[in-house]
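**Q** I am attaching a structure below and will ask some questions about it afterwards.
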Amino acid sequence: MPLVEINFDGIIGPSHNYAGLSLGNRAATAHAGQVSHPREAALQGLAKMRHNMALGLTQGFLLPLPRPNLGFLEAMNASTATDPALTAAAWSASSMWTANAATVSPAPDTQDGRCHLTPANLITMPHRSHEWPETARQLAVAFADPAHFAHHSPAPPCFGDEGAANHMRMCANHGEAGLELFVYGRSGGPFPARQHEQASRAVARGHGLDPGRTLFIEQNPEAIAAGAFHNDVVAVANERVLFCHEQAFVEPEEAYAAIRKRLPEAEIIEVPAAQVSLEDAISSYLFNAQLVTLPDGSMALIVPTDARENSAVSRYLDGLIASNGPIRNILPVDVRQSMANGGGPACLRLRVVTDPAVVDQRFLLDAAKADRIGQIISQYWPETIAPAELGSSALASVVVAARLALVAALDLPELA
Ligand code: SUG
């Protein structure tokens, strides 16, 4: 079986809420305090997975982490009465954005020929900083075979790492050795630069990447200041194609030249600011799209519905299709509940290029499993959560029971 790209989507957890915890994430800040709809959110996420599976793509999933994380409150010597922000941090469903779960380097890129995974430490945001131990535990179950997978400890907490959201891979096709691109930010702007260069370098060394096929690129501080808190808000790559905003990188021409030197077949589609402003790119999440290769070899861009609702972006997309370039299809998906927290289609998935046969089959989706997941969500996920409800013991029981029902339905007792 050749290596294929598998998208592991985070199943949106039953405590999904809008607590406004992520400074620099404009959507999350704008929706702070609103009532969330966890059931609808999770069904939207599941519909995206079904949509992509129907395109002939291999689809996997990761489970929501146990919430509320009372261990986090305990470590803070806090109780739910102490501080609403700490309580919200303990309840956060933010592990749904599996693009931040880990950085993954597939077997063809690494020295020992195994697929390497490093969980992201996510230290910049308190509500995300306590994800990694449970994430690592889950990754160890899903990718358990040591002949094919190597698991690393997260980067030390002095250097922030946000995982695959700041990592892109370009290659002639998925199964061949690729060029790995690590995008980092520099602090000093109005918002935190969440990816530290040293964390990216540590991950690349740990994965045993060939330095000749690894690039470290600085994110444009203007992009971070405009709300691109992760690189995947302004750029996405798939195989030989890089699709990015003109203002994504601090030295774009240098970055493009370095890419072309190492991958002569690279096709860089740079979206001019004159056609799509940084503001429009970030509010529409045009780049937080899944750029995928379909079974017929053509590429499709799976965009949030918001991208078609922005007139400048929609006009650009019409032109892109008419241009006869490598991206042949624009496919909108509705993930509005996640989008309201700054998480588009690309945030919701972790890409792992591997042979599906060597993955724990319980994490791979098929139609029957999707139905089972859908039934559990419909039966157990709360319909709404107002931020003031976080901390309620009645809601905690509902959230815990919902996740355990999912764990049981998917036969994953290790994760109970
Ligand atoms: O880390 N939002 C997430 C969104 C992550 C998007 N992921 C990628 N771009 N790959 C974040 O900022 C908001 C949660 C809250 O405010 O309650 C949040 O964590």
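If you count the sequence shown from 1, you need to add 952 to reach the numbering used here. Heads up, the beta-carbon is just placed ideally off N, CA and C, and yes, glycines get one too. As the structure is a prediction and not an experimental result, all values here were calculated from the model.
Compare the Cα-Cα distances from Ala971 to each of Pro1339, Ser1345 and Pro1108 and report the closest residue.
**A** What you label residue 971 is simply residue 19 of the sequence shown in a count that begins at 1. For the residues Pro1339, Ser1345 and Pro1108, the minimum Cα distance to Ala971 belongs to Pro1339.
**Q** Is the CB-CB distance between Glu1170 and Glu1203 below 9 Å?
**A** Here residue 1170 is taken as the residue at index 218 of the sequence shown, counted from 1. Here residue 1203 is taken as the residue at index 251 of the sequence shown, counted from 1. A contact, by the Cβ cut-off of 9 Å.
**Q** Residues in its own chain within less than 6 Å of Thr1062 by CB, not counting five upstream and five downstream?
**A** Taking the sequence shown and counting its residues from 1, one reaches residue 1062 at position 110. The residues His1068, His1159 and Gly1160, in chain order, have a CB closer than 6 Å to that of Thr1062 in the same chain once the five nearest residues on each side in sequence are set aside.
**Q** My output table needs one value for Val1285: the three-state DSSP class, helix, strand or coil.
**A** By 1-based counting over the sequence shown, the position of residue 1285 is 333. Strand.
**Q** Taking 8 Å as the line, does the beta carbon of Tyr1136 fall inside it for any heavy atom of the ligand SUG?
**A** Taking the sequence shown and counting its residues from 1, one reaches residue 1136 at position 184. Not under cutoff, so the answer is no.
**Q** Whose CA, out of Arg1066, Pro1016 and Pro1278, lies closest to the CA of Met1048?
**A** Within the sequence shown, residue 1048 is the residue found at index 96, counting from 1. It is Pro1016 whose Cα lies nearest to the Cα of Met1048.
**Q** Is Ser1349 buried or exposed, if buried means 16 or more other CB atoms sit within 10 Å of its CB?
**A** Sequence index remark: in the sequence shown, residue 1349 carries index 397 (1-based). Exposed: under 16 other Cβ atoms inside 10 Å.
**Q** Considering only heavy atoms of the ligand SUG, list every residue whose Cβ is less than 7 Å from one of them, following chain order.
**A** Asn969, Tyr970, Ala971, Gly972, Leu973, Ser974, Asn977, Ala980, Ala984, Ala1040, Ser1044, Ser1046, Trp1049, Ala1051, Asn1052, Met1077, His1079, Arg1080, Ala1117, Phe1181, His1182, Asp1184, Val1185, Asn1240, Asn1293, Gly1294, Gly1295, Ala1298 and Cys1299
**Q** Which value, in whole angstroms, describes the spacing of the CA atoms of Glu1341 and His989?
**A** Position 389 of the sequence shown, counted from the start, is the residue given in the question as residue 1341. Position 37 of the sequence shown, counted from the start, is the residue given in the question as residue 989. About 13 Å.
**Q** Considering Cα atoms alone, identify which of Leu1269, Asn977, Ala1124 and Leu955 is closest to Ala1189.
**A** Here the question's residue 1189 lines up with position 237 in the sequence shown. The candidate whose alpha carbon is nearest that of Ala1189 is Ala1124.
**Q** Distance, Cα to Cα, Asp1307 vs Ala1207?
**A** Locating residue 1307 in the sequence shown gives position 355, counting from the first residue. Locating residue 1207 in the sequence shown gives position 255, counting from the first residue. About 31 Å.
**Q** For Ala1178, which residues in the same chain have their Cβ closer than 6 Å to its Cβ, ignoring the five residues on either side in sequence?
**A** For the purposes of this step, residue 1178 is taken as residue 226 along the sequence shown, with counting starting at 1. Taken in chain order, the residues that qualify are Leu1230 and Ile1234.
**Q** Which full runs of the alpha helix (DSSP H) of 4+ residues lie inside the segment 1144 to 1215, going along the chain?
**A** 1149 to 1158, 1173 to 1178 and 1204 to 1214
**Q** For Phe960, which residues does DSSP report across the bridge?
**A** The residue given as residue 960 occupies position 8 in the sequence shown. According to DSSP, which records beta bridges pairwise, Phe960 is partnered with Gly1012 and Leu1302.
**Q** I need the straight-line Cα distance from Ala1298 to Asn959, nearest angstrom please.
**A** Reading the sequence shown from its first residue, position 346 is the one you call residue 1298. Reading the sequence shown from its first residue, position 7 is the one you call residue 959. Their backbone Cα atoms lie some 10 Å apart in a straight line.
**Q** Could you check how far apart the C-beta atoms of Ile963 and Ile1325 are, in whole angstroms? I think they sit under 8 Å.
**A** Taking the first residue of the sequence shown as position 1, residue 963 is located at position 11. Taking the first residue of the sequence shown as position 1, residue 1325 is located at position 373. Indeed they touch by this definition, with Cβ atoms about 7 Å apart.
**Q** Given this structure, state the Cα-to-Cα distance separating Ala1054 from Gln1227, to the nearest angstrom.
**A** Position 102 of the sequence shown holds residue 1054. Position 275 of the sequence shown holds residue 1227. For Ala1054 and Gln1227, the distance between alpha carbons rounds to 33 Å.
**Q** Please say whether Met1122 and Ile1211 have beta carbons closer to each other than 9 Å?
**A** The residue labelled residue 1211 in the question sits at position 259 within the sequence shown. The residue labelled residue 1122 in the question sits at position 170 within the sequence shown. Closer than 9 Å, so yes.
**Q** The alpha helix (DSSP H) that contains Glu1341, what's its start and end?
**A** Taking the sequence shown and counting its residues from 1, one reaches residue 1341 at position 389. Segment: none, Glu1341 is in no alpha helix (DSSP H) and carries neither H nor E.
**Q** Using CA atoms only, rank isn't needed, just tell me which of Glu1335, Lys1321, Leu973 and Arg1089 is closest to Phe1143.
**A** As a first step, residue 1143 must be located in the sequence shown, where it is residue number 191. Comparing Cα positions, the closest option is Leu973.
**Q** Taking the alpha carbon of Ala1322 as the reference point, which residue from Asn977, Thr1039, Arg1002 and Gln996 has its own alpha carbon closest?
**A** Walking along the sequence shown from the start, residue 1322 turns up at place 370. Considering only alpha carbons, the answer is Arg1002.
**Q** Nearest-angstrom Cα distance between Ala1200 and Leu1362?
**A** The count along the sequence shown starts at 1 and reaches residue 1200 at position 248. The count along the sequence shown starts at 1 and reaches residue 1362 at position 410. The straight-line gap from Cα to Cα measures roughly 40 Å.
**Q** Thinking just about the alpha-carbon of each residue, which of Ala1116, Thr1166 and Ala1129 is nearest to the one in Arg1303?
**A** Residue 1303 sits at position 351 when you count from the first residue of the sequence shown. That would be Ala1116, whose Cα lies nearest to the Cα of Arg1303.
**Q** Quick one: complete beta strand (DSSP E) runs, 3+ long, within the segment 981 to 1069?
**A** 1010 to 1014 and 1054 to 1057
**Q** Cα-Cα, which of Gly997, Ala1030 and Gly1343 is closest to Arg1288?
**A** Here residue 1288 is taken as the residue at index 336 of the sequence shown, counted from 1. Comparing Cα positions, the closest option is Gly997.
**Q** Taking the straight line between their C-alpha atoms, what separation do you get for Asn1172 and Gly1137?
**A** Taking the sequence shown and counting its residues from 1, the one referred to as residue 1172 is at position 220. Taking the sequence shown and counting its residues from 1, the one referred to as residue 1137 is at position 185. Distance between the alpha carbons of Asn1172 and Gly1137: 7 Å.
**Q** Who are Gln1242's beta bridge partners in DSSP?
**A** As a position in the sequence shown, residue 1242 is number 290, starting the count at 1. Paired residues: Ile1254.
**Q** Below 8 Å on the Cβ atoms is my contact criterion, and I expect Trp1084 with Ser967 to pass it. Report the Cβ-Cβ distance as a whole number of Å.
**A** Here residue 1084 refers to the residue found at position 132 of the sequence shown. Here residue 967 refers to the residue found at position 15 of the sequence shown. Contact flag wrong, Cβ pair sits at about 18 Å.
**Q** Specify, as a first and last residue, the run of the alpha helix (DSSP H) that Ile1329 falls within.
**A** One-based indexing of the sequence shown puts residue 1329 at position 377. Where Ile1329 is concerned, the enclosing alpha helix (DSSP H) stretches over Ala1319 to Tyr1332.
**Q** Based on the DSSP output, what are the partners of His1103 in its beta bridges?
**A** For the purposes of this step, residue 1103 is taken as residue 151 along the sequence shown, with counting starting at 1. Paired residue(s): Leu1069.
**Q** Does Met1120 come out as helix, strand or coil in the three-state DSSP assignment?
**A** Locating residue 1120 in the sequence shown gives position 168, where the first residue counts as 1. Reduced to three states, the DSSP call for Met1120 is strand.
**Q** Can you say whether Leu1022 is buried or exposed, counting buried as having 16 or more other CB atoms within 10 angstroms of its CB?
**A** Start at 1 with the first residue of the sequence shown, and residue 1022 comes out as number 70. Leu1022 comes out exposed.
**Q** Is it the case that the Cβ atoms of Gly1295 and Asn1240 are separated by a distance below 9 Å?
**A** Position 343 of the sequence shown, counted from the first residue, corresponds to residue 1295. Position 288 of the sequence shown, counted from the first residue, corresponds to residue 1240. Contact flag set, yes.
**Q** Go ahead and label Ala1037 buried or exposed: buried means 16 or more other beta carbons lie within 10 angstroms of its beta carbon, across all protein chains shown.
**A** Counted from its first residue, the sequence shown places residue 1037 at position 85. It counts as exposed.
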